[in-house]
């Protein structure tokens, strides 16, 4: 880095970064850990939280967002989002925005050029990359880009289940197009899961060869030209009942590092992502199971491992050069916890009625009388 | 003390566990004018509900689409899909712009002929073409698109009877990687049925293959599916050329491009999610240009684009009949246009815009039509400001299918007007009267009142 | 009497008894405030026309619907151990009986 003070812009105001996904619930969005990572590198940055719900816990947490704005849902479209961002930008000039949720990415992608014209930087995957990571396209990643994924087919018609064994070896994983997965040992099993997932998520239903082995989650940041800025690989130690990581430890495995570097190069991935990788127990190697096109909620572990990827993403969004980081050390562990925070009803009132909240100083919980004032 | 501006008194309970929308949220939208003409004046003059079409948007969309394809490919011909909207005025606008007619029944065929379209500029599609209609079509030289073997045999017999060789096209269906796969129309390509049918018609000696047609689906959001379809059709045409010597003169990729409308199942608004027409053009034309046709045998590219040309040009103007609170507290509006005239509400999340927003809190509202039927729901949920009975709303885009599929169940069909490019307003279909509904009926004398 | 309701000027309402929270429009805030001050429901429309640019018939109709809504939400219900038949209670007042 150059010697200048990162936290100030040329006009003397603090570097201001907007971050979404403040839903720090039991199935958390990545916003709060991303903000903590940015704060770790840049204590004087101003952080603007963009929340979809007045009850997102991140809105109220001490030392997270300086300002919180309620946002229209992505389903309202790019026009409405742009209007809201412009209004925020007029009050609090933004230097960069880091969207962290799957559902909002397509909408933000439409605005990348307009945001750049406003002076707001982003560093996101392209629309083409988003299409490629669709679950029904994983097989195309293997056949067209040579990425190692389990063989798979996208089923639309149950009549094709009978012919599955010509293409795939059982057992197989059956996956809904958005969520859900189940293992199947026979075409009969596939039939049962197919009907269930079709009813719930529609077609296609994806069938993939089952890879038995160890699963690793990797947070990675690609430069969009085939280069890897940095990555941290983690093995889950503790799971929630939804199978999400509640605790984990970094691993250092040269083969895994090489696999991640190779995969990111083939994808020419730009921006953050989480790769789910299986190391096959039969020794056949590593397989990419899924790509999530954003930081995972456990991304703060990258700070612990000395590879602050969210901050690197901010720098890239600002157009700065970031040198590639060496592989992360093994043995850095995290455990998530939850605690009950006392919040101010007045803050909640401000968010619900005005749609914005500004944490000037630490606020104390308001009583009903204070609200009524 | 001076009085403050008024808005309707509202109280909304914050739902537990549901996302809150009570902040300032989305920007408020209203629509006072269509193409510069005040909506309230339209209601005063022509009543409510009212179909409104914009000539400017129709012509603009057509030119945009034509340009997208003709810049990329040397021979392009659009045909207006009558079933999407067969108002004479609408058809004439597209014909003036250069479109032929694409019809799917004998009455649509007659409509096109009455509008002065010669037989050779009519593409005749559809799974059922009665024999008299086939005779007329053959005599007038229209482009017959065969859908199944029985039709092939019938047309062959009629050709033999007439003692001539009749050019025909066949409709094919195939896997283009999209869901659902439409395989009920035409002959299947992937299992070899299409090529069989072509060999069969060639062998009979009375038919000659002129074109290949497909229509892969509706509201297809993936332009690459059309690229795959075009590539497969081109491959079939080249196979036919090799095997039989017949030169396929045109490839018709049908319709099905998405408009800016929004399916209920789509998360983002259609305006964000629907690909621009250039993407479809790029996928289709690059497949054809890369297929390997000899330079002097490049087939004409035919298109039957319907929805994508007209949807945005159609508006439904309606008025609030009443306000309601459902038992669970949900706000409801009754309006005078229901699924009887907005059939596409079953599939699409139309924009509903107040003509005048007097302020007040936005609230999730269910919009019911005027029918005495539970299914008459125009929007299950839309954010709207408080509205009074008599207030006007505009529903859009509704240019495709709503008018042709409208019905007379308990209400007569409303008028349709066209706003011209100089803001002139013409009635292009008058509001129906009772005789339009009851005219065809006959009452036996013994039942006379 | 309505000390269980904490209503802020920007239209945020907290019902201390039920824990429920609400948002009100400017006029909604005005009307609820009037009710909490003891204004009789039958006088609400007149207060509304005094303060806002609205004519009396429209105000009367809107007040009627607003009161029905407030009643439906059970905001002004007395605590169960209160004496009933409080003459000041809007619950017992005429407009509520008439709305049904």
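Chains as they are written, first to last, in the working numbering: chain A, 29 to 401; chain B, -18 to 430; chain C, 13 to 112.
Built from N, CA and C at the ideal position, the CB exists for glycine as well.
For the alpha helix (DSSP H) containing residue 213 (chain B), name the first residue and the last one. 204 to 225 is the span of the alpha helix (DSSP H), which, as asked, contains residue 213 (chain B).
Where does residue 297 (chain A) sit, in a helix, a strand or coil, going by DSSP? In this structure, DSSP gives residue 297 (chain A) a state outside helix and strand, which the three-state scheme calls coil.
Nearest-angstrom beta carbon gap, residue 63 (chain B) and residue 84 (chain B) [assumed within contact, 8 Å]: About 5 Å; that satisfies the 8 Å criterion.
Per the contact definition of three or more C-beta pairs closer than 8 Å, is the segment 174 to 181 of chain A in contact with the segment 237 to 257 of chain A? In this structure the segment 237 to 257 of chain A lies against the segment 174 to 181 of chain A, because at least three pairs of beta carbons, one per stretch, are closer than 8 Å.
In whole angstroms, what is the alpha-carbon distance linking residue 71 (chain A) and residue 39 (chain A)? Each residue's alpha carbon lies about 18 Å from the other.
Buried or exposed, going by whether 16 or more other CB atoms sit within 10 Å of the CB of residue 335 (chain B)? Answer is buried; the Cβ neighbour count reaches 16.
What three-state label does DSSP hand residue -1 (chain B) in the structure shown? Because the pLDDT at residue -1 (chain B) is just 48, under 50, the model does not fix this residue reliably, and the value given afterwards should be weighed accordingly. If DSSP states are grouped into helix, strand and coil, residue -1 (chain B) belongs with coil.
Should residue 210 (chain B) be listed as close to the ligand HEM, given that the test is whether its C-beta is under 8 Å from any heavy atom? Among the components modelled here there is no ligand, and therefore nothing to report on the ligand HEM.
Using CA atoms only, rank isn't needed, just tell me which of A:295, A:330, A:328 and A:118 is closest to residue 159 (chain A). For residue 159 (chain A), the closest alpha carbon among the candidates A:295, A:330, A:328 and A:118 is that of A:295.
Identify every run of the beta strand (DSSP E) within the segment 306 to 378 of chain B, keeping only runs that are complete inside it and at least 3 residues long; order them along the chain. Runs of the beta strand (DSSP E) inside the segment 306 to 378 of chain B: 312 to 316, 332 to 335, 344 to 349, 358 to 365 and 373 to 377.
Roughly how many angstroms separate the alpha carbons of residue 219 (chain A) and residue 254 (chain A), rounded to a whole number? The straight-line gap separating the alpha-carbon atoms of residue 219 (chain A) and residue 254 (chain A) is approximately 40 Å.
Taking residue 125 (chain B) as part of the beta strand (DSSP E), name the residues at either end of that continuous run. Taken as a continuous stretch (DSSP letters only), the beta strand (DSSP E) holding residue 125 (chain B) covers 124 to 127.
Residues in the segment 27 to 41 of chain C with C-beta within 9 Å of chain B's C-beta atoms, listed in sequence order? Only those residues of the segment 27 to 41 of chain C whose C-beta falls short of 9 Å from the nearest C-beta of chain B are listed: 32, 33, 34, 35, 36, 37, 38, 39, 40 and 41.
Within 10 angstroms of the Cβ of residue 255 (chain B), are there 16 or more other Cβ atoms? Answer buried if so, exposed if not. In the assembly as shown, residue 255 (chain B) is a buried residue. Its beta-carbon has 16 or more other beta-carbons within 10 Å.
How many Å lie between residue 440 (chain B) and residue 321 (chain B) at the Cα? This structure does not reach residue 440 (chain B), given that chain B is present from -18 up to 430, and the question cannot be answered.
Closest by CA to residue 200 (chain B), which one among B:236, B:221 and B:213? The shortest C-alpha separation from residue 200 (chain B) is found at B:236.
Where does residue -9 (chain B) land, buried or exposed, given buried means 16+ other C-beta within 10 angstroms? So residue -9 (chain B) counts as buried.
Helix, strand or coil, according to DSSP, for residue 146 (chain B) in the structure here? Collapsing the DSSP output to three states places residue 146 (chain B) in coil.
Can you check DSSP and say which residues form a bridge with residue 231 (chain B)? Partner residues in the beta bridge of residue 231 (chain B), as assigned by DSSP, are B:192 and B:281.
Complete alpha helix (DSSP H) runs within the segment 318 to 359 of chain A (minimum length 4 residues, chain order): Taking only runs of at least 4 residues, the alpha helix (DSSP H) segments lying wholly in the segment 318 to 359 of chain A are 328 to 332 and 337 to 345.
Residues near residue 167 (chain B) by beta carbon distance below 6 Å, same chain, minus five either side: So the qualifying residues of the chain are 128, 152, 153 and 154.
Consult DSSP for residue 304 (chain B) and reduce its assignment to one of helix, strand or coil. Note: residue 304 (chain B) maps to strand in three-state DSSP.
If you reduce the DSSP assignment to three classes, tell me which class residue 47 (chain B) lands in. Three-state result, residue 47 (chain B): helix.
Just to make sure I have the definition right: I need the residues of chain A whose C-beta is within less than 7 Å of the C-beta of residue 23 (chain C). Which are they? The answer, in chain order, is 381.
Note down the Cα distance separating residue 4 (chain B) from residue 247 (chain B), rounded to an integer number of angstroms. Low confidence applies to residue 4 (chain B): its pLDDT is 49, below 50, so where it sits in the model is not reliable enough to give any reading.
Use the C-beta contact count for residue 174 (chain A): other C-beta atoms within 10 angstroms, 16 or more gives buried, fewer gives exposed. Looking at its Cβ environment, which holds fewer than 16 other Cβ atoms inside 10 Å, residue 174 (chain A) is exposed.
When you check each C-beta in the segment 352 to 375 of chain A against every C-beta of chain C, which residues fall closer than 9 Å? Listed in chain order, the positions of the segment 352 to 375 of chain A with a beta carbon within less than 9 Å of a beta carbon of chain C are 373 and 374.
Suppose contacts are defined by Cβ-Cβ distances below 9 Å. Is residue 210 (chain A) in contact with residue 201 (chain A) by that definition? For the pair residue 210 (chain A) and residue 201 (chain A), the CB atoms are nearer than the 9 Å cut-off.
Inter-residue Cα distance where the pair is residue 249 (chain B) and residue 135 (chain A): Each residue's Cα considered, the two are about 8 Å apart.
With DSSP run on the structure shown, which of helix, strand or coil describes residue 222 (chain A)? Correct three-state label for residue 222 (chain A): helix.
Contact residues within the segment 119 to 137 of chain A, judged by C-beta distance below 9 Å to chain B: Per Cβ criterion, the list reads 131, 134 and 135.
Where residue 102 (chain A) meets chain B, residues with beta-carbon distance less than 8 Å: Here the neighbours are 248 and 249.
What do you get for residue 198 (chain B), buried or exposed, if any count of 16 or more other CB atoms within 10 angstroms of its CB means buried? By the neighbour-count rule (16 or more Cβ atoms within 10 Å), residue 198 (chain B) is buried.
So with CB distances below 7 Å, who are the chain B contacts of residue 105 (chain A)? Ordered by position in chain B, the residues that pass the 7 Å Cβ test against residue 105 (chain A) are 249, 250, 252 and 253.
Does the Cβ of residue 388 (chain B) have 16 or more other Cβ atoms within 10 Å, making it buried, or fewer, making it exposed? By the beta-carbon neighbour count (other beta carbons within 10 angstroms, threshold 16), residue 388 (chain B) is exposed.
For a cutoff of 9 Å on Cβ pairs, would you count residue 430 (chain B) as touching chain A? For residue 430 (chain B), not one C-beta of chain A is nearer than 9 Å to its own C-beta.
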